[in-house]
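As structure tokens, the structure follows; a few thoughts come after it.
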Amino acid sequence: MSYSHAGALQIINLLFQSLLSADLGTNEIKPYLAKDMPSVERQDSTTLFTYEIREAAEWTNGSPVTAEDVAFTLKVAKAPLLNNESLKPQLEFIQDIRIDADNPRRFTFVCSGYAPEMELLTGDFFILPAYLYDPENLLRHIEVATLSGNPSELENDEKLKAFAVKFNSPDFGRDPALLQGSGGYTLENWENGQYLTLTRKKDWWGNNTSNTQHLTAIPQRVSFQVIPDMTTAVLALKNRQLDVLEGIPVAEFEQLQRQEPFLKDYALHTPDAYEFTYAGINTRRPKFADKRTRQAIAHLLGIESVIRVSQQDYATPTVGPIPPSVADFYNTSLKHYTSDPAKVTDLLKASGWKKEKGGWYKNINGKKEQLTIEVIFRAGNTSYENAAVILQQNAAQIGIPVHVQGVESSLLASKSKQHDFDLYFRSLGGNPFAFNFKPLLHSDYAKEGGLNYTGFGTPESDEILDRISGTVTSRQEQASLLKRLQEIMHEEAAFISMYYTKERIAIHQRFTNTKISGLKPNYDVSAFTLKEDE
Amino acid sequence: MRRIWQSIKSLWKGKWGFRIALLYLALLLLLALVLPLLHLPYAPNYLDLQHPFLAPFTATAMESGHPLGTDGLGRDLLANVLFGARTAFLISLPVMLCAALVGMVLGTTAGYFGNRGLQQPLHRILRWVLSTPLLLYYGLYLPLKLYSWESGYRHVLLSFGLLLGLLILLWLLSEGLQRWFPYWRKAVAIPVDKGVMRLTEALTSIPRFVLILVLASFIPPSLPLLSLLLVFTLWPAIARLSRAEMLRIRQLPYFEAAQSIGNRPARLIWRHALPNLAGPVLVAFTFGLGGLLALESSLSFLNIGVPTTLVSWGRTISSIRSNTSAWWLVLFPGGLLSLTVLALYTCSYYFNQAFSSKSSQ
Numbered sequence: 015m016s017y018s019h020a021g022a023l024q025i026i027n028l029l030f031q032s033l034l035s036a037d038l039g040t041n042e043i044k045p046y047l048a049k050d051m052p053s054v055e056r057q058d059s060t061t062l063f064t065y066e067i068r069e070a071a072e073w074t075n076g077s078p079v080t081a082e083d084v085a086f087t088l089k090v091a092k093a094p095l096l097n098n099e100s101l102k103p104q105l106e107f108i109q110d111i112r113i114d115a116d117n118p119r120r121f122t123f124v125c126s127g128y129a130p131e132m133e134l135l136t137g138d139f140f141i142l143p144a145y146l147y148d149p150e151n152l153l154r155h156i157e158v159a160t161l162s163g164n165p166s167e168l169e170n171d172e173k174l175k176a177f178a179v180k181f182n183s184p185d186f187g188r189d190p191a192l193l194q195g196s197g198g199y200t201l202e203n204w205e206n207g208q209y210l211t212l213t214r215k216k217d218w219w220g221n222n223t224s225n226t227q228h229l230t231a232i233p234q235r236v237s238f239q240v241i242p243d244m245t246t247a248v249l250a251l252k253n254r255q256l257d258v259l260e261g262i263p264v265a266e267f268e269q270l271q272r273q274e275p276f277l278k279d280y281a282l283h284t285p286d287a288y289e290f291t292y293a294g295i296n297t298r299r300p301k302f303a304d305k306r307t308r309q310a311i312a313h314l315l316g317i318e319s320v321i322r323v324s325q326q327d328y329a330t331p332t333v334g335p336i337p338p339s340v341a342d343f344y345n346t347s348l349k350h351y352t353s354d355p356a357k358v359t360d361l362l363k364a365s366g367w368k369k370e371k372g373g374w375y376k377n378i379n380g381k382k383e384q385l386t387i388e389v390i391f392r393a394g395n396t397s398y399e400n401a402a403v404i405l406q407q408n409a410a411q412i413g414i415p416v417h418v419q420g421v422e423s424s425l426l427a428s429k430s431k432q433h434d435f436d437l438y439f440r441s442l443g444g445n446p447f448a449f450n451f452k453p454l455l456h457s458d459y460a461k462e463g464g465l466n467y468t469g470f471g472t473p474e475s476d477e478i479l480d481r482i483s484g485t486v487t488s489r490q491e492q493a494s495l496l497k498r499l500q501e502i503m504h505e506e507a508a509f510i511s512m513y514y515t516k517e518r519i520a521i522h523q524r525f526t527n528t529k530i531s532g533l534k535p536n537y538d539v540s541a542f543t544l545k546e547d548e
Numbered sequence: 166m167r168r169i170w171q172s173i174k175s176l177w178k179g180k181w182g183f184r185i186a187l188l189y190l191a192l193l194l195l196l197a198l199v200l201p202l203l204h205l206p207y208a209p210n211y212l213d214l215q216h217p218f219l220a221p222f223t224a225t226a227m228e229s230g231h232p233l234g235t236d237g238l239g240r241d242l243l244a245n246v247l248f249g250a251r252t253a254f255l256i257s258l259p260v261m262l263c264a265a266l267v268g269m270v271l272g273t274t275a276g277y278f279g280n281r282g283l284q285q286p287l288h289r290i291l292r293w294v295l296s297t298p299l300l301l302y303y304g305l306y307l308p309l310k311l312y313s314w315e316s317g318y319r320h321v322l323l324s325f326g327l328l329l330g331l332l333i334l335l336w337l338l339s340e341g342l343q344r345w346f347p348y349w350r351k352a353v354a355i356p357v358d359k360g361v362m363r364l365t366e367a368l369t370s371i372p373r374f375v376l377i378l379v380l381a382s383f384i385p386p387s388l389p390l391l392s393l394l395l396v397f398t399l400w401p402a403i404a405r406l407s408r409a410e411m412l413r414i415r416q417l418p419y420f421e422a423a424q425s426i427g428n429r430p431a432r433l434i435w436r437h438a439l440p441n442l443a444g445p446v447l448v449a450f451t452f453g454l455g456g457l458l459a460l461e462s463s464l465s466f467l468n469i470g471v472p473t474t475l476v477s478w479g480r481t482i483s484s485i486r487s488n489t490s491a492w493w494l495v496l497f498p499g500g501l502l503s504l505t506v507l508a509l510y511t512c513s514y515y516f517n518q519a520f521s522s523k524s525s526q
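In the order they appear, the protein sequences are chains A and B. Going by our numbering, the first sequence opens with residue 15, and the numbers climb by one from there. Going by our numbering, the second sequence opens with residue 166, and the numbers climb by one from there.
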């Protein structure tokens, strides 16, 4: 099931289930459809993950969820012709599925290579009901293993073609009769652009599993209102028309926090989100080749001011891409870059810049060059714009001209891919379960078109990234590698992580067991319980 | 010109609404001109990061020297409102003047010559047709490109020299043509009116906003570019007006008399047509100025086509989006913008009254 909107995940979460998922109450990965965490067996070039689906698990029509459904989902994700582009690369590493002949709920994923995050990834996709999606068994004759190779000959397969026509039709993502999974809810009503209502299944199998706290479907009905404009949404919240609202703008959130009558009805939460903002410096430009120049710029970013002004303190400064809330991976021995004009001057002098009238100059390859910075960011984003203007003012005090320019997002993407920038601001989101920064930071990806836009990379950092994504065995080892990586990144100052934001959520006081988390979707609506005293 | 001055003087004496509006505009213009000499406590782009979203006239606001408060980045509202007025005038006045000039020249020539009035021999037409692209390429495009590459003045001079040489060559060619081939001596009527009208139609059929949006998506925003674009899209309105007026004036008895005693076209237009034209054009000018002020603010509000560092009323108003309770960010610049546009429209209204009564007499 592919989706393009963060809000959609929230809803799919209530309709469908994956083998594993994060419990928002504890921020731990727990088995959902699976009985237990998978058993892992590493062979030379392959790794086997064996799962068993819960006995009680069943679809809406009462038939059990089996390994055949998992196989069907894999086929849907991997088959050509189907519009599933976002899921395809994510599951590329799963080569085959072996179903236990004796137990139809037991199966083994055959995966190529090994990476620590594979355990999560093998369980992190929604399982689809084969009986509902493919009643004519159009995909039965196709093997998962054949889809992993080069399945282009399958594009002429008549049955697959027939299935693709059905699957790619817009009805498939909208029809309440089809949007039914093993989750606790079914779609009741969907008025496009207005609202969407889910009702609890009468006798959901999850209610009978006694050993779990995370499999929940407590509210009788869940209704989502579509309010495209945040200002209107906040107004609706103030009028007590909503029970839950997330992503409240900082200034509004500040105001709500000061309103006594509002706080009587609503609880405000600010969990640490897993999204951070960073500044990327183009190390390929000769003027930024020296790391001391980049460190000087890092000191000019004024991270504290940016947090105070554009996030109004709903953010935590960070030294690297590891969230400070993940204590055992975060390198506490490092200090984030602070505003320090004296230090900037020292660093610039040390890297060979000379202050003359009108700015800082240095002879680079026989040509006298001035230190100027052109900052680009996505136009219309106030936080980036504020950060850029603050950098501009701080740099002007030292005598470095900074040109600030908001650019349209597709232009920003092409500029970063072609390495045509001095410095940009961007945000990245993630989760606390996998820290694989290889595509972002490894020098293998620094070629034009690769994701390593800044050109960051030392032989040591490359080795660390390779080890983290391939051979690491224990959490301790991973921690020490990540800490060293943060140290190198801090030193190199090419990819300067600035701050991790906090989510801003308001939830009505009449609920308890809301399971607030920094992980998307930030709260588990299926667990909401009404307080007893009301 | 004296007649215009006379009408303005009588309006000033007779209509108090006109007097207030004009006085307000003059004051604002004066303020915009002397602003750099005044010593404001803060520059408009200075970020006072200790005091973001400061409400006006509060104790902290007075103490920190921001009597009108600050925006989300601690920029002083007073300085921004005043310098915003300066930006508004510095953009809209020159742009409107250029547009009026271009529009009047093209409109009056179209109106005066019509489709048959301008006859030129073929060899001269050929010379013009060939020299225009040369002028544009070697005289404008290449020097600008060379200038932006910082390749020194020698190359620019070389380009101009090349242009001069080519123009002389063209002149020699056309002279030769007319001397040896009688065909090239034949005079042909140039449809000036048709040409100008088709051009205005083409330009007015594209919405200005769409044009700016499209351009902004692939060219970095800058003030000269925006001004050029505005001139380019504003002149047709004035051109149409001047053409219509010119057609009317051409039929007036005194104009025909002046024509019959053998005045040259340039003198006819300058001495007899322009003074009659100036009134209606002034109305359109003030009206256009008001519209332009509003357009510039909306562009800054949307952050399209203007650099982020440009101080303007629209930019200040747009910061309300990150904090809807900061009413002062809309009230002061928005109020000043409305007042200025209102004053311009008031002036335009009275001008219209004065000139329409005069021409109907």
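Idealized CB from N, CA, C, for every residue including glycine. All figures in this text were calculated on a predicted structure; none of them were measured in a lab.
- One alpha carbon belongs to Arg56/A, the other to Gln411/A, and they sit about 58 Å apart.
- Of all alpha-carbon atoms in Leu454/B, Ala491/B, Gly444/B, the one lying nearest the alpha-carbon of Ile169/B is that of Gly444/B.
- The criterion of a C-beta distance shorter than 8 Å is satisfied by Val84/A and Phe121/A.
- Counting C-beta atoms within 10 angstroms of its own C-beta, Pro308/B has 16 or more neighbours from the protein chains shown and is therefore classed as buried.
- In this structure, the alpha-carbon of Ala341/A lies about 21 Å from that of Glu505/A.
- Flagged as an interface residue toward chain B: Ser319/A, by a C-beta distance shorter than 8 Å.
- Under the 8 Å criterion on CB atoms, Glu399/A is classed as interfacial with respect to chain B.
- The shortest CA-to-CA distance from Pro473/A to any of Leu465/A, Glu462/A, Gln492/A, Leu499/A is the one to Leu499/A.
- Any Cβ of chain B closer than 8 Å to the Cβ of Thr528/A would place that residue at the interface, and such an atom is absent.
- Put simply, the CB of Ile404/A is near chain B, with a gap under 8 Å to one of its CB atoms.
- Taking all protein chains in view, the Cβ of Met411/B is crowded by 16 or more other Cβ atoms within 10 Å, so the residue is classified as buried.
- Leu437/A is positioned such that its CB atom lies no closer than 8 Å to that of Gly532/A.
- Within the stretch 392–416 of chain A, the complete alpha helix (DSSP H) segments of 4 residues or longer fall at 396–412, listed in chain order.
- Going by DSSP, Ser35/A is part of the beta strand (DSSP E) stretching over 34–37.
- Ranked by how close their Cα comes to the Cα of Lys516/A, the residues Lys371/A, Asn450/A, Ala287/A have Ala287/A in first place.
- Check the Cα spacing between Leu496/B and each of Thr235/B, Leu200/B, Ala224/B, Asn280/B: the tightest is with Thr235/B.
- Around the beta carbon of Ala402/B, 16 or more other beta carbons sit within 10 angstroms, so the residue counts as buried.
- Only Val323, Ser324, Gln326 from the stretch 323–342 of chain A bring a Cβ to less than 9 Å from some Cβ of chain B.
- Around Ser487/B, the beta-carbon contacts reaching into chain A at under 7 Å are Pro263, Ala265, Thr396.
- Put simply, the CB of Thr473/B is near chain A, with a gap under 8 Å to one of its CB atoms.
- Boundaries of the beta strand (DSSP E) harbouring Val236/A: 235–239, taken from the DSSP string.
- Going by C-alpha positions, Leu301/B is about 10 Å away from Leu328/B.
- Along the stretch 189–263 of chain B, the beta strand (DSSP E) does not occur as any fully enclosed run of 3 or more residues.
- Asp436/A has no beta-bridge partner at all, per DSSP.
- For the pair of segments examined, the stretch 205–222 of chain B was found to touch the stretch 230–246 of chain B: the number of CB pairs separated by less than 8 Å reaches three.
- Runs of alpha helix (DSSP H) with 4 or more residues, each lying fully within the stretch 101–177 of chain A, are found at 132–137, 144–147, 158–162, listed in chain order.
- Annotation for Leu362/A: the continuous alpha helix (DSSP H) segment containing it runs 355–364.
- When the alpha-carbon of Tyr65/A is set against those of Leu479/A, Tyr46/A, Ser196/A, the nearest one is in Tyr46/A.
- Spanning the alpha carbons of Phe325/B and Val396/B requires a straight line of approximately 26 Å.
- Chain order gives the chain B residues near Gly420/A as Asn468, Thr473, where near means a beta carbon separation below 8 Å.
- Bridge partners of Glu55/A according to DSSP: Leu62/A.
- The beta carbons of Leu34/A and Ala48/A sit closer together than 8 Å.
- Counting along the chain, no alpha helix (DSSP H) covers Tyr513/A; the unbroken beta strand (DSSP E) around it starts and ends at 509–516.
- Beta bridge pairing from DSSP links Val418/A with Val389/A.
- When 9 Å is used as the limit between beta carbons, Thr245/A is near these residues of chain B: Arg486, Thr489, in chain order.
- The DSSP-derived three-state label of Lys371/A is coil.
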